[in-house]
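To keep things clear, I will list the structure first and then write my remarks on it.
Numbering (the numbering used here), first residue to last: 660 to 1085.
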């Protein structure tokens, strides 16, 4: 990656006190010591947000952008586009690119180098980058929330609970016949008649409800706003250290404390759920091992939770070879893991295409950022919705293995829908 020379410079007028560096007369980079509320800096028209436990990234504006056409290897091509954009803007290694990529490359994507970004990482000052600061446009105004709510909200699940249960039963039979070991099946819930949905308030409710999840907000290539609170880290690269935390195996939480503890204990001891989890960990380890000189994997899965679901999780840590690719390129090799697709991958994709009734779009894809060093963080796009004018389309899915109960899988998707339904106050 090309390095651009630097010289010390003054703080940007109107910004909080900071040490600033002007690079090639083209951008300003610096550090902020104060804690920043990232959501306050997000704007709906062109903003990107990825926040977890108070840290993460907020970005606005466009310094450079590239379209990624649908098709095979879309994530790999997005990684190549990000590297080219970051090289072209000549804004130094602190500059970064963001994207929300689809599950299967069936829809176009857009990789963007934002003109303004704030990156907050644990134990470090907040990193600020402003590209083309002299030409940065003011934030677009947010639409006023004056439109009254519609008198009736309509819910349309696709497929219905009965049809989804039938699809699960079909998948279990195919697994029993040896066609594959696991498949993930998804369904959608279209909510119409919402009236005005103020996105910042919605995102704030998602963040407050599940602070340990990645609160995400990003525009897809077609302009629709994607929002969500996803618990799964696909990949983080920080220098030579790479981390992944695959989730697979889940149980619905209960409002009753005793029942909730029992659900967690049952998940942790379930042979079926641990077998499903092991398939995902195995795939992640096999992929990362090719790029690491050292790899450490938790001996046993542990429990992580959202407001509605218990998950089995395993942390995988590696020390990368010196020639390892950047965060997005590594994530592209991992995705889609068996956590959102199945295994073997080709057989799972074929069965998904056969049994699912709605395209996944951005659901079960990945969202995140990569910088000029190759560092970055990518999350799996789960517990999410795409927002339209008075409507929202929610997504949820579950992993199917031998022994899966169709009724339990329906209940799991209903519990996962609750993340967005509660945030929408429905």
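Where is the CB? At the ideal position from N, CA and C, for every residue including glycine.
Extent of the continuous beta strand (DSSP E) to which residue i belongs
i: residue 816; result: 813-817
i: residue 719; result: 714-719
i: residue 1030; result: 1025-1030
i: residue 897; result: 892-897
i: residue 912; result: No beta strand (DSSP E) contains residue 912, which DSSP labels as neither H nor E.
i: residue 999; result: Segment: none, residue 999 is in no beta strand (DSSP E) and carries neither H nor E.
i: residue 936; result: Counting along the chain, residue 936 falls outside any beta strand (DSSP E), though it belongs to the alpha helix (DSSP H) covering 930-948.
i: residue 1053; result: 1050-1059
i: residue 1046; result: 1043-1046
i: residue 874; result: 873-878
i: residue 1037; result: 1035-1039
i: residue 970; result: 968-972
i: residue 1085; result: Neither: residue 1085 is in no beta strand (DSSP E) and is coded neither H nor E.
i: residue 790; result: 785-790
i: residue 1134; result: What is shown of the chain runs 660 to 1085, which leaves residue 1134 out entirely.
i: residue 1089; result: Shown here, the chain extends from 660 to 1085; a query on residue 1089 therefore has no answer.
i: residue 976; result: 975-979
Closest Cα partner of residue i within the set the options
i: residue 748; options: 780, 933, 790 and 719; result: 790
i: residue 712; options: 868, 766, 856 and 843; result: 868
i: residue 955; options: 1016, 968 and 940; result: 940
i: residue 742; options: 882, 938 and 989; result: 989
i: residue 1082; options: 777, 865, 785 and 768; result: 865
i: residue 1057; options: 814, 750, 858 and 841; result: 841
i: residue 863; options: 887, 981, 878 and 750; result: 887
i: residue 766; options: 744, 729, 772 and 721; result: 729
i: residue 702; options: 775, 814 and 1009; result: 775
i: residue 698; options: 935, 945 and 877; result: 877
i: residue 820; options: 1077, 1078 and 1066; result: 1066
i: residue 1024; options: 733, 942 and 700; result: 733
i: residue 895; options: 881, 884, 873 and 859; result: 873
i: residue 936; options: 786, 998, 736 and 851; result: 998
Exposure of residue i, with buried meaning 16 or more beta-carbon neighbours within 10 Å
i: residue 682; result: Reliability fails at residue 682, whose pLDDT of 37 lies under 50, so the model's placement of it is uncertain and the value that follows must be treated cautiously. Per the 10 Å Cβ criterion, buried.
i: residue 710; result: buried
i: residue 920; result: exposed
i: residue 957; result: exposed
i: residue 1041; result: buried
i: residue 959; result: exposed
i: residue 804; result: Bear in mind that the predicted position of residue 804 carries a pLDDT of just 42, short of 50, making it too unreliable to give a figure here.
i: residue 816; result: buried
i: residue 890; result: buried
i: residue 773; result: buried
i: residue 808; result: Per-residue confidence for residue 808 stands at a pLDDT of 49, beneath the threshold of 50, marking its modelled position as unreliable; the derived number appears in the next sentence. Exposed: under 16 other Cβ atoms inside 10 Å.
i: residue 673; result: Because the pLDDT at residue 673 is just 30, under 50, the model does not fix this residue reliably, and the point stays unresolved.
i: residue 1084; result: exposed
i: residue 981; result: exposed
i: residue 845; result: buried
i: residue 924; result: exposed
i: residue 1005; result: exposed
i: residue 802; result: At residue 802, the pLDDT of 47 sits below 50, so the modelled position is not reliable; the number obtained from the coordinates is stated separately. Exposed, because fewer than 16 other Cβ atoms sit within 10 Å of the Cβ of residue 802.
Cα-Cα separation, residue i to residue j
i: residue 914; j: residue 966; result: 10 Å
i: residue 716; j: residue 875; result: 10 Å
i: residue 928; j: residue 972; result: 13 Å
i: residue 1015; j: residue 779; result: 38 Å
i: residue 849; j: residue 811; result: 14 Å
i: residue 695; j: residue 838; result: 50 Å
i: residue 996; j: residue 853; result: 34 Å
i: residue 1060; j: residue 1000; result: 12 Å
i: residue 1080; j: residue 1054; result: 11 Å
i: residue 901; j: residue 976; result: 6 Å
i: residue 738; j: residue 705; result: 21 Å
i: residue 795; j: residue 720; result: In this prediction, residue 795 scores a pLDDT of 48, lower than 50, which makes its location untrustworthy; the coordinate-derived value is nonetheless stated afterwards. Going by the C-alpha atoms only, they are around 8 Å apart.
i: residue 969; j: residue 948; result: 28 Å
i: residue 750; j: residue 1030; result: 11 Å
i: residue 670; j: residue 771; result: With a pLDDT of 26 at residue 670, under the threshold of 50, the modelled position of that residue is not reliable, and the figure given next carries that caveat. Rounded to whole angstroms, residue 670 to residue 771 spans 25 Å at the Cα level.
i: residue 781; j: residue 906; result: 22 Å
i: residue 932; j: residue 1075; result: 17 Å
i: residue 793; j: residue 768; result: Note that residue 793 has pLDDT 45, beneath the 50 cutoff, so the model's placement of it is unreliable and no number is given.
i: residue 1027; j: residue 897; result: 14 Å
i: residue 961; j: residue 974; result: 9 Å
i: residue 893; j: residue 760; result: 13 Å
i: residue 917; j: residue 911; result: 13 Å
i: residue 870; j: residue 1052; result: 22 Å
i: residue 824; j: residue 1068; result: 7 Å
i: residue 952; j: residue 899; result: 10 Å
Element boundaries [alpha helix (DSSP H), containing residue i]
i: residue 822; result: 820-835
i: residue 733; result: 733-748
i: residue 1076; result: 1065-1082
i: residue 1016; result: Per DSSP, residue 1016 belongs to no alpha helix (DSSP H) and is neither H nor E.
i: residue 992; result: 986-993
i: residue 867; result: 858-868
For the segment 1025-1036 and the segment 976-996, state whether three or more C-beta atom pairs, one from each stretch, are separated by less than 8 Å. Yes: the two stretches touch, three or more of their Cβ pairs being nearer than 8 Å.
Using a Cβ distance threshold of 8 Å, determine whether the segment 1038-1047 contacts the segment 827-843, with at least three qualifying pairs required. no
Segment contact flag, the segment 753-766 with the segment 724-732, C-beta cutoff 8 Å, min 3 pairs: When Cβ pairs closer than 8 Å are counted between the two stretches, the segment 753-766 is seen to touch the segment 724-732, the count reaching three or more.
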